[in-house]
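Step one of this worksheet: look at the structure below.
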Amino acid sequence: MRNIDLDTILVPNTACPVREIGDGLIIMAPTGTATHTLEEIGAFVWRHLDGQRTLRQVAEALVGEYDVTFDAAAKDICDFASQLVDAELVARS
Amino acid sequence: MTASASTSASSGAPGAPEYRLEIGDAIVALQCPQPGLAEGLAVWFDRASVPVEAGAPVITLEVTVVAHDDQPSFPRSLLTTKRLLGDGAFDIADGLVTGSFDAATGRGQVRVKAALLTGRLTRIFEQVLYQAHASARARLGRPAWLVHSSSVIVGGQGFLFVGPSGSGKSTVAGLSAGRHVLGDEMSLVRPAAGGAAGWELVGTPFNGTFRTKRPGSAPLRAVLLLEHGPAHELVDATASAAVAVLAGEIVPPVGLDEAPGPDTLPRMVDAAGAIAANTTLKVMRFTPDPGFWKTLEAAFGLPPLA
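Chain order of the listed sequences is U and G.
Residue 93, in the numbering used here, is where the first sequence stops; the numbers in between run on with no holes.
Residue 1306, in the numbering used here, is where the second sequence stops; the numbers in between run on with no holes.
What follows is the structure, given as structure tokens:
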């Protein structure tokens, strides 16, 4: 399988219930046995995984909103996206 | 405490020994035709059967202990091994517990292999009673949530201590001498009476290792997420993290005639979110000494222990 990179486009797994709690999110695994908590920045990224934007575009959006360099944002987003894929919370679009 | 059981003619087997368990405002009647079972339950829960005058049971279950030659396995969760067989019948862990429940009448039967009512394995059997509570709640139409927790009342305010196994729930109860400890295993959280905002914290019959608890209830003042730490301190938790921890300690709201489904976990998260929306949630880091109460007294304006 192709690695996650900045050209990857991801879309949330619609089988995962999501709840907005404060600035964050709680995403429930499709198996219904685990919760995943996303704090403010993770939630920001999640909301931009819409099946349209590449991870590069998500990183650019993050740089526009928070005090972070593009390189740092790009690395963190690719790592984070890999975790979301492994947990089956998102899929490649 | 004197252990006792009652005999009731209000249920399906007039004259049969019965042990009545009160969980919040839900009375669950356990008919026990076999000699000694009702008395044994009273000893296990360390409390007498709820008197018949307290009200009619919401549900009534006939409990039968089944002798067996096999050596059954005991799953940690009686929900993950539960199979629905149709018409309200169920099988848990390949015959460890079998039974049926009619949600319309509130009556059912539970057959339990004898080994499950031996010593601390009875704690696993209690999960059947959690399911009975969920069935009772559905019949009452009044939501309330069982939460794995310790709970203590101070100054008329209820404090709920939650965290995973080993986080210190029983330790907190044991270090709360002189205060009104509701329990160290299972608490009930229900909406405040009269439509008021907020929640009420209620003790339950379920025991952990702390054995000098007292029944009672109080407005829920705070939910404290337990963590061992180098000192006593209260720390703000992000809302999503706190709700996730609390949701993980809520007993799945699955009735006797139900199995966990896609909506089970979302309901637990929604309940935790609703509780969090109307109370204070903090991370409580503590060391195993009663000094954490000084921290709580200062933070919540509580009266010191007399």
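Backbone N, C-alpha and C fix where the C-beta goes; we use that ideal spot for every residue, glycine too.
#1: Does residue 1204 (chain G) get closer than 8 Å to chain U when you measure Cβ to Cβ?
#2: Please look up how many angstroms separate the CB atoms of residue 55 (chain U) and residue 14 (chain U), rounded, as I've assumed it's under 8 Å.
#3: Comparing C-alpha positions only, which one of G:1024, G:1064 and G:1053 sits nearest to residue 1037 (chain G)?
#4: Do you know how far the Cα of residue 1237 (chain G) is from the Cα of residue 36 (chain U)?
#5: For residue 1125 (chain G), which option in G:1153, G:1241, G:1073 and G:1139 has the closest C-alpha, if you only look at C-alpha atoms?
#6: Kindly list, in the order they appear in chain B, the residues whose Cβ is closer than 9 Å to that of residue 1094 (chain G).
#7: If you run the structure through DSSP and keep just helix, strand and coil, what is residue 1130 (chain G)?
#8: Residue 1270 (chain G) versus chain U: which residues are under 9 Å apart at the beta carbon?
#9: List, in chain order, every chain G residue whose beta-carbon is nearer than 7 Å to that of residue 37 (chain U).
#10: Identify the residues that DSSP records as bridge partners of residue 1227 (chain G): which are they?
#11: Residues in its own chain within less than 7 Å of residue 66 (chain U) by CB, not counting five upstream and five downstream?
#12: Of the residues that make up the segment 1253-1285 of chain G, which ones have a beta carbon closer than 8 Å to any beta carbon in chain U?
#13: Look at the alpha carbon of residue 1039 (chain G) and the alpha carbon of residue 1086 (chain G), and state the distance between them as a whole number of angstroms.
#14: Helix, strand or coil for residue 41 (chain U) per DSSP?
#15: Beta-carbon of residue 1248 (chain G) versus every beta-carbon of chain U: anything under 8 Å?
#16: Leaving out five residues before and five after residue 1235 (chain G) in sequence, what residues of the same chain have Cβ atoms less than 6 Å from its Cβ?
#17: Are the segment 1261-1276 of chain G and the segment 1127-1140 of chain G touching by the rule of at least three beta carbon pairs closer than 8 Å?
#18: Terminal residues of the continuous alpha helix (DSSP H) containing residue 1276 (chain G)?
#19: Checking 8 Å against the spacing of the C-beta atoms, do residue 45 (chain U) and residue 77 (chain U) come in under that value?
#20: Looking at the C-beta of residue 9 (chain U), does it have a partner C-beta in chain G at a distance below 8 Å?
#21: How is residue 1174 (chain G) classed by DSSP in three states: helix, strand or coil?
Result, derived from the coordinates:
#1: With 8 Å as the cut-off, residue 1204 (chain G) does not count as an interface residue toward chain U.
#2: Contact between residue 55 (chain U) and residue 14 (chain U) does not hold, since the beta-carbon distance rounds to 20 Å and is not under 8 Å.
#3: Proximity to residue 1037 (chain G) across G:1024, G:1064 and G:1053 peaks at G:1064, based on C-alpha coordinates.
#4: Computed Cα separation, rounded: 16 Å.
#5: When each option's Cα is compared against that of residue 1125 (chain G), the closest is G:1073.
#6: The structure shown contains no chain B; its protein chains are U and G.
#7: Looking at residue 1130 (chain G) - three-state DSSP - the assignment turns out to be helix.
#8: Residues of chain U whose Cβ lies closer than 9 Å to the Cβ of residue 1270 (chain G) are, in chain order, 19.
#9: Those are 1240, 1241 and 1244, listed as they occur along chain G.
#10: Answer by DSSP bridge pairing, in chain order: G:1285.
#11: Sequence-distant Cβ neighbours of residue 66 (chain U) in its own chain, meaning closer than 7 Å and more than five residues away, are 41.
#12: Residues of the segment 1253-1285 of chain G with a C-beta less than 8 Å from any C-beta of chain U: 1260, 1261, 1262, 1264, 1265, 1266, 1269, 1270, 1273 and 1276, listed in chain order.
#13: Their backbone Cα atoms lie some 33 Å apart in a straight line.
#14: It is helical.
#15: Judged by the 8 Å Cβ criterion, residue 1248 (chain G) is in contact with chain U.
#16: Counting only residues of its own chain and dropping the five nearest sequence neighbours on each side, residue 1235 (chain G) has a CB closer than 6 Å to the CB of 1283.
#17: Cβ pair count under 8 Å is below three, so no.
#18: Going by DSSP, residue 1276 (chain G) is part of the alpha helix (DSSP H) stretching over 1264-1277.
#19: With respect to residue 77 (chain U), residue 45 (chain U) sits close: the two C-beta atoms are nearer than 8 Å.
#20: Cβ-Cβ to chain G under 8 Å: no for residue 9 (chain U).
#21: Residue state, collapsed to three classes: helix.
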